[in-house]
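Enquirer:
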Amino acid sequence: MAAITLTGDKTLARRFTRLQREAQGPVLTAAAVAGADVIREEAARLAPRGRRGSHAADNIKIESVKTSRTKAIVNIGYDKFSAWWLRFQELGTQFHRAQPHLRPALDNKKDAAVARFGRVLKLGIDAARRAR
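If you're matching positions, the sequence shown starts at -18 in my numbering and goes up one per residue.
This is how it looks when you write it as structure tokens:
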């Protein structure tokens, strides 16, 4: 059996703890919203457009649902009061064929959203380090 000696393990543990603190709260929320915005932009591009009035693209929003020090959950969807009818556009009814745009946006841009999330998170961590 081989023996492995690890040096600097306490330093490494301190650095991971500091990294965890720097990636929490507002930094994490900003990164989640930035990643969601990639999908929102794609959904707006794919959304059906009428000839007049409000367009679906104008009503696709990002909403921060739950945030804590270690978690950020965001929704990408419609205003429940002024654009409730858009879920029928997305899913269809027996009288109206579906015109999906939210799910295809997620499928098309999930990798780009993760990449933007990572970039914004890294920028936030770097800014927190510089502030100390």
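Yeah, the Cβ is synthetic: ideal placement off N, Cα and C, and Gly gets one too.
Going along the chain, which residues of its own chain have a beta-carbon closer than 6 Å to the beta-carbon of residue -1, five neighbours each way excluded?
Expert: Closer than 6 Å at the Cβ level, and outside the excluded window around residue -1, lies no residue.
Enquirer: Roughly how many angstroms separate the alpha carbons of residue 78 and residue 13, rounded to a whole number?
Expert: Taking the straight line joining both Cα atoms gives about 32 Å.
Enquirer: Could you give the DSSP three-state label for residue -8: helix, strand or coil?
Expert: Residue state, collapsed to three classes: helix.
Enquirer: Please classify residue 64: does DSSP put it in a helix, a strand, or coil?
Expert: Note: residue 64 maps to coil in three-state DSSP.
Enquirer: Using the Cβ count rule (16 or more neighbours within 10 Å means buried), how would you classify residue -7?
Expert: Counting Cβ neighbours within 10 Å, residue -7 comes out exposed, since fewer than 16 surround it.
Enquirer: As a quick exercise: from 107, 50, 40 and 48, pick the residue whose alpha carbon is nearest that of residue 62.
Expert: Out of 107, 50, 40 and 48, 40 has the C-alpha closest to the C-alpha of residue 62.
Enquirer: Within the same chain, show all residues whose beta-carbon is closer than 6 Å to that of residue 73, passing over the 5 residues directly before and after it, in chain order.
Expert: So the list reads 79, once near-sequence residues are dropped.
Enquirer: Can you tell me whether residue 47 is helix, strand or coil according to DSSP?
Expert: The answer is strand: DSSP assigns residue 47 an E or B state.
Enquirer: Which residues mark the beginning and the end of the alpha helix (DSSP H) in which residue 89 is found?
Expert: Looking at the DSSP string, the run of the alpha helix (DSSP H) that includes residue 89 is 83 to 112.
Enquirer: CA-CA distance, residue 49 and residue 69?
Expert: Taking the straight line from one Cα to the other gives about 33 Å.
Enquirer: If you count every other CB in all the chains shown that lies within 10 Å of the CB of residue 5, and 16 or more means buried, which is it?
Expert: Residue 5 is buried by the Cβ-count criterion.
Enquirer: Buried or exposed: which applies to residue 54, given that a residue is buried once 16 or more other Cβ atoms fall within 10 Å of its Cβ?
Expert: Burial call: exposed.
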